[in-house]
Amino acid sequence: MADKATLTIGDQSFDLPILKGTTGPDVMDVRKFYADSDLFTFDPGFTSTASCESKITFIDGDAGILLHRGYPIDQLVEKSSFLEVCYLLLHGELPNAAEFETFDHNITYHTMLHAQFDRFFEGFRRDAHPMAIMTGAVGALSAFYADSINVDDPREREISAHRLIAKMPTIAARAFKYHMGQPFVSPRNNLSYSENFLRMCFAVPAEDWVPNPILTRAMDRIFILHADHEQNASTSTVRLAGSSGAHPFACIAAGIACLWGPSHGGANQEALEMLEEIGTVDKIPEFIEGVKARKYKLMGFGHRVYKNFDPRATAMQKTCHEVLGELGINDPLLEVAMELEKIALSDPYFIERKLYPNIDFYSGITLRAMGFPSKMFTVLFALARTVGWISQWKEMFEDPARKIGRPRQLYTGATQRDYAPIDKR
Ligand code: SDX
Numbered sequence: 019m020a021d022k023a024t025l026t027i028g029d030q031s032f033d034l035p036i037l038k039g040t041t042g043p044d045v046m047d048v049r050k051f052y053a054d055s056d057l058f059t060f061d062p063g064f065t066s067t068a069s070c071e072s073k074i075t076f077i078d079g080d081a082g083i084l085l086h087r088g089y090p091i092d093q094l095v096e097k098s099s100f101l102e103v104c105y106l107l108l109h110g111e112l113p114n115a116a117e118f119e120t121f122d123h124n125i126t127y128h129t130m131l132h133a134q135f136d137r138f139f140e141g142f143r144r145d146a147h148p149m150a151i152m153t154g155a156v157g158a159l160s161a162f163y164a165d166s167i168n169v170d171d172p173r174e175r176e177i178s179a180h181r182l183i184a185k186m187p188t189i190a191a192r193a194f195k196y197h198m199g200q201p202f203v204s205p206r207n208n209l210s211y212s213e214n215f216l217r218m219c220f221a222v223p224a225e226d227w228v229p230n231p232i233l234t235r236a237m238d239r240i241f242i243l244h245a246d247h248e249q250n251a252s253t254s255t256v257r258l259a260g261s262s263g264a265h266p267f268a269c270i271a272a273g274i275a276c277l278w279g280p281s282h283g284g285a286n287q288e289a290l291e292m293l294e295e296i297g298t299v300d301k302i303p304e305f306i307e308g309v310k311a312r313k314y315k316l317m318g319f320g321h322r323v324y325k326n327f328d329p330r331a332t333a334m335q336k337t338c339h340e341v342l343g344e345l346g347i348n349d350p351l352l353e354v355a356m357e358l359e360k361i362a363l364s365d366p367y368f369i370e371r372k373l374y375p376n377i378d379f380y381s382g383i384t385l386r387a388m389g390f391p392s393k394m395f396t397v398l399f400a401l402a403r404t405v406g407w408i409s410q411w412k413e414m415f416e417d418p419a420r421k422i423g424r425p426r427q428l429y430t431g432a433t434q435r436d437y438a439p440i441d442k443r
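Residue 19 is where the sequence shown starts when you use this note's numbering, and the numbers rise one by one after that.
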């Protein structure tokens, strides 16, 4: 690849430097293009735009590759733990035993919430969507932990990162318990991250809670699969919010709000509800015709970057089979999902558009089997993605070249005109 591009407009030529990455597409640097040409570049959905430089996650959409700090997702899912992946995303390297012990202790001892914070949940109706509760609760964290919102203090940045990773399971479990009308369950320091979360969700005062190692492992894997994903919509939201100097609690709350959208993190709830609506295998052809007639989308299918399989979907399907097998559940929706996938992958309509199952296609069946209602699915996504958001926020904030994000526009509205009094209109 050349080290510059030359753009000719009329009798003018503009040289644009080509910047090279360690892998994946190189970029054409247009930072000075407007100053030199009086022209903006135009890319509303950012389909051809790199918004930043990053060292955290790499995706090759054509090859179905996902790397976190260079480590393939299938190796991390098989060999690592979510908390170790959190350390890797935040610090760039896998921890040694001493580093992991310290990190595990720091996260464990931040899992409790201020006692007054529990009263915050009571302001919501019991039937509030858990994502509405998450958006509000996380946005309120700065009101309870104002001692770690000075973004210019590296120690406060580290504490707020630890607090967010540690407290998201406690908040998510409280959103679930509040929605279910059951008493809150406090975290316990002798449990692992995922075991602690499952206990806070499913323990009830009436009986002892017994951990299931298969479900704990499945939960941990699901968190790993959702931890980070390059510059997706919610991560870009977090970066843009953080570029103004907003503190991490506010930025993560903005990310949660964006993730809730049905085209993004809300798709896992939509995908399961779609499978429930289809109901049985014999209804699939009629449903597919509706997709082709553009009445609705096939939820859990398609991706802006993956134009081949989503490597997370493969791992998610494997976890789905493990959980259903462990629980002895024969969920007819799994049969519908597998038949739908088989039909879609052989249909020219989907092949031409390079539509493959994404991570959301099988996650809903798995989470429902574990006892979560579909309204909790995006909450679990937000819980896991918090480490990705805060790692990307940290990288953005600590970049010496950091500037406030301020896109421009192609203006096609009214040109200047004079105000007319109402009796002249
Ligand atoms: C996530 O970015 C990330 O990394 C996100 C994520 C993460 O980890 O952060 O991976 C998580 O958000 C996964 C995606 C979850 N969303 C869904 O499952 C919802 C259904 N999928 C679509 O909404 C869609 O596929 C998107 C939004 C995911 C991607 O859309 P694009 O890249 O903007 O593609 P497009 O809309 O330009 O579609 C290209 C064509 C269009 O057809 P034509 O107009 O060219 O005829 O494919 C069609 C679309 O209509 N299409 C679909 C489809 N997705 C795209 N048709 C039917 N069903 C679908 N799911």
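Positions of the beta carbon are idealized from the N, C-alpha and C atoms, including for glycine. Here the structure is a predicted model, which means the values were calculated and not measured.
Counted as a single uninterrupted DSSP element, the beta strand (DSSP E) harbouring residue 22 occupies residues 22-27.
Taking all protein chains in view, the Cβ of residue 231 is surrounded by fewer than 16 other Cβ atoms within 10 Å, so the residue is classified as exposed.
For the 9 Å CB-CB criterion, residue 154 and residue 325 do not form a contact.
Residue 261 sits in coil when the DSSP states are folded into three classes, being neither helix nor strand. DSSP, reduced to helix, strand and coil, places residue 165 within a helical segment of the structure shown.
Within the segment 58-88, the runs of beta strand (DSSP E) at least 3 residues long that lie entirely inside it are, in chain order, 75-78 and 83-86. Secondary structure note for residue 177: its alpha helix (DSSP H) is the uninterrupted segment 172-198.
Counting along the chain, the unbroken alpha helix (DSSP H) around residue 409 starts and ends at 395-415.
A residue is called buried when at least 16 other Cβ atoms come within 10 angstroms of its Cβ; residue 429 does not meet this threshold and is exposed. DSSP places residue 35 inside the beta strand (DSSP E), whose first and last residues are 30-37. Judged by DSSP secondary structure, residue 214 falls within the alpha helix (DSSP H) whose first and last residues are 211-220. Here DSSP, grouped into helix, strand and coil, assigns residue 19 to coil. A distance below 7 Å between beta-carbons, with the five flanking residues on each side excluded, links residue 205 to the following residues of its chain, in chain order: 129, 130, 188, 214 and 218. For residue 315, the shortest separation between its Cβ and any heavy atom of ligand 1 lies below 8 Å. The criterion of a C-beta distance shorter than 9 Å is satisfied by residue 302 and residue 354. Boundaries of the alpha helix (DSSP H) around residue 381: 378-387. For residue 348, there is no enclosing alpha helix (DSSP H), as DSSP gives it neither H nor E. With a threshold of 8 Å, the Cβ atom of residue 63 counts as near ligand 1, since some heavy atom of the ligand is closer than that. Within the same chain, 368 come within 6 Å of residue 362 by CB-CB distance, once the 5 residues on both sides are set aside. If you ignore the 5 residues before and after residue 338, its C-beta comes within less than 6 Å of the C-beta of 380, 383 and 384, all in its own chain and listed in chain order.
Assigned with DSSP and collapsed to three states, residue 341 falls in helix. By the CB criterion at 9 Å, residue 270 and residue 404 fall inside the cutoff. Within 10 angstroms of the beta-carbon of residue 376 lie 16 or more other beta-carbons, which makes it buried. Counting the other Cβ atoms within 10 Å of the Cβ of residue 287 gives 16 or more, which makes it buried. At the C-beta level, residue 221 and residue 227 come within 9 Å of one another. Residue 425 has its Cβ no nearer than 8 Å to any heavy atom of ligand 1. For residue 350, the CB stays at least 8 Å from every heavy atom of ligand 1.
Under the three-state reduction of DSSP output, residue 319 falls in the strand class. Here residue 378 is buried. Its C-beta has 16 or more other C-beta atoms within 10 Å. Taking the Cβ of residue 288 as the reference point, at least one heavy atom of ligand 1 falls within a distance shorter than 8 Å. A contact is defined here as three or more CB-CB pairs under 8 Å, and the segment 143-161 meets this definition with respect to the segment 271-285. In this structure, residue 257 and residue 70 form a Cβ contact; the two beta carbons are roughly 7 Å apart against a cut-off of 8 Å.
Assignment of beta-bridge partners to residue 295 by DSSP yields no partner.
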